[in-house]
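Visitor:
Residue numbers (this note's numbering): 1 to 231.
1. Residue 43 lies in the alpha helix (DSSP H); which residues open and close that run?
2. Is residue 91 near residue 111, with beta carbons less than 8 Å apart?
3. Output yes or no for whether 8 Å exceeds the beta carbon distance between residue 201 and residue 7.
4. What is the DSSP secondary structure of residue 177, reduced to helix, strand or coil?
5. Which same chain residues, not among the five before or five after residue 5, have their C-beta less than 6 Å away from its C-beta?
6. With a CB to CB cut of under 8 Å and the five nearest residues on each side skipped, what residues in its chain are close to residue 162?
7. Which runs of the alpha helix (DSSP H) fall wholly inside the segment 42-100 and span at least 4 residues, in chain order?
8. Would you decide whether residue 222 is buried or exposed? Buried here means 16 or more other CB atoms lie within 10 Å of its CB.
9. Would you tell me roughly how many angstroms separate the C-alpha atoms of residue 157 and residue 119, rounded to the nearest one?
10. Starting from residue 222, follow the alpha helix (DSSP H) in both directions and report where the run begins and ends.
11. Smallest Cα separation from residue 19: which of 59, 39, 181, 142?
12. Can you tell me whether residue 74 is buried or exposed, with buried defined as 16 or more other CB within 10 angstroms of its CB?
Rendered as structure tokens:
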């Protein structure tokens, strides 16, 4: 049975001065989860949201929280985020000395665990960890450069998604494929056709300027339908 395509808007692309209103608008158009980037400023040159802001967000919505940690100190951030009450935590394999320990900590807390991979990180790093994972987050651009319009989606993005889908199938594990970075209305059909299950949405899909969220959601649904037809 095909997975439902999960739509996860990146809250850092919303109106950060009016977060409560932004979240309510997302609820109204039927969004599945909030994708929340937690960045330490060292792993990636950006710090859009802090732990206290995520706590406040938890008070105003029942939407699922999908947290993506980009840090050189994953242990501290994982423990802080678990205390808030979230549904999924992904952290980067590139900065994880003890990935098994963190995966077990997350899953034993009743939260889904994911590993995030930078564009150039090979899938071979998942060999022993894949059976323990609920999610693999494939970055399609380098973290922290979303605001740089010269930063293009990796040319091998769809190929990497397809290779991961084949790996998951061959290993017979239940693991979701999430994609993040320039996930646009143009690229969504190919990414879904390759096997992506979860789309992190930003300025090239749900938050396209000049349209309302509801208008962009209509175009987004069309792109998703097109992608599913390619599977």
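Yeah, the Cβ is synthetic: ideal placement off N, Cα and C, and Gly gets one too.
Guide: Judging by the given coordinates:
1. Looking at the DSSP string, residue 43 is not in any alpha helix (DSSP H), and its letter there is neither H nor E.
2. Taking 8 Å as the cut-off, the Cβ atoms of residue 91 and residue 111 do not count as close.
3. Taking the C-beta atoms as reference points, residue 7 is found nearer than 8 Å to residue 201.
4. If DSSP states are grouped into helix, strand and coil, residue 177 belongs with the strands.
5. Contacts found: 224.
6. Excluding positions up to five away in sequence, the list reads 194, 195.
7. Taking 4 residues as the minimum length, the alpha helix (DSSP H) runs contained wholly in the segment 42-100 are 51-60, 74-84, in order along the chain.
8. Residue 222 should be labelled exposed.
9. Roughly 8 Å separates the two Cα atoms.
10. Element bounds for residue 222: 213-228.
11. It is 59.
12. So residue 74 counts as buried.
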